[in-house]
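Notes for the one structure printed next.
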Amino acid sequence: MGIHDEAAYYIARQYLDTLRNHPDECTLAAYFALVQYLSQSGDNYEALGTNHREVSGFRRPCALADAKRAVDWLKSHPGSSYAAELTRLISHEYIGLAECGITSAELIRHLTLHLELLERNEPTRLATSAANPSKE
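With numbering that gives the first Met the number 0, you'll find the sequence shown wraps up at 135, consecutive numbering, no jumps.
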């Protein structure tokens with residue numbers, strides 16, 4: 000195993016450990032990175048100490064955790080671009096509004112405000128709003 004392969008394996012193990020042990024910290028990005036590693040490396044699920052069923056089971060909890068973080072961000076940054084991201088998560092990952100802690104009226108209000116900001120071309124507020132909520 001070369002140095003790059005070892006690094007990729009180590010990172011994949013870290014993603015798997017996070018997905019298993021810290022569900023509130025998991026992200027769809029980590030889930031998709033793990034799936035990509037498994038599909039592109041010569042390693043199989045067993046080499047990482049998991050199986051297909053376990054890995055597939057991480058997708059929904061990761062999507063829900065991402066949606067909850069987006070809601071938290073929206074509540075402290077009204078009109079941010081995370082309104083659109085939350086809408087995408089709800090429609091593509093089948094996350095319910097109540098599950099992530101927002102009502103349809105609140106989401107519509109955030110989407111409307113975001114569109115108004117885009118129309119007025121308020122780059123400072125939009126740039127601030129587009130920051131990654133998990134890094135704040």
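Even for Gly, the Cβ is constructed at its ideal location relative to N, Cα and C.
None of the values given here were measured: they were computed from a predicted structure.
Exposed or buried, what is residue i when buried is set at 16 or more other beta-carbons lying within 10 Å of its beta-carbon?
| i | result |
| --- | --- |
| L63 | buried |
| H51 | exposed |
| I89 | buried |
| I107 | exposed |
| L15 | buried |
| Y9 | exposed |
| T49 | buried |
Cα separation between residue i and residue j?
| i | j | result |
| --- | --- | --- |
| W72 | G78 | 10 Å |
| A129 | L116 | In this prediction, A129 scores a pLDDT of 49, lower than 50, which makes its location untrustworthy; the coordinate-derived value is nonetheless stated afterwards. About 12 Å. |
| H76 | E84 | 14 Å |
| I109 | K74 | Note that residue 109 is His in the sequence shown, not Ile. Taking the straight line joining both Cα atoms gives about 9 Å. |
| C54 | E5 | The displayed chain sequence assigns Val, not Cys, to residue 54. If you take the alpha carbons of V54 and E5, they lie about 20 Å apart. |
Got a sec, what are the start and stop residues for the alpha helix (DSSP H) residue i sits in?
| i | result |
| --- | --- |
| H21 | Looking at the DSSP string, H21 is not in any alpha helix (DSSP H), and its letter there is neither H nor E. |
| T111 | 103 to 119 |
### Message
Can you confirm whether the region 54 to 69 touches the region 27 to 34 when touching is taken to mean that 3 or more C-beta pairs between the two stretches lie within less than 8 Å?
### Response
yes
### Task
Please determine if the region 96 to 103 and the region 62 to 82 are in contact, where contact requires at least 3 C-beta pairs separated by less than 8 Å.
yes
### Query
Can you give, in chain order, each stretch of the alpha helix (DSSP H) that sits fully within the region 50 to 85 and has at least 4 residues?
51 to 55, 58 to 75
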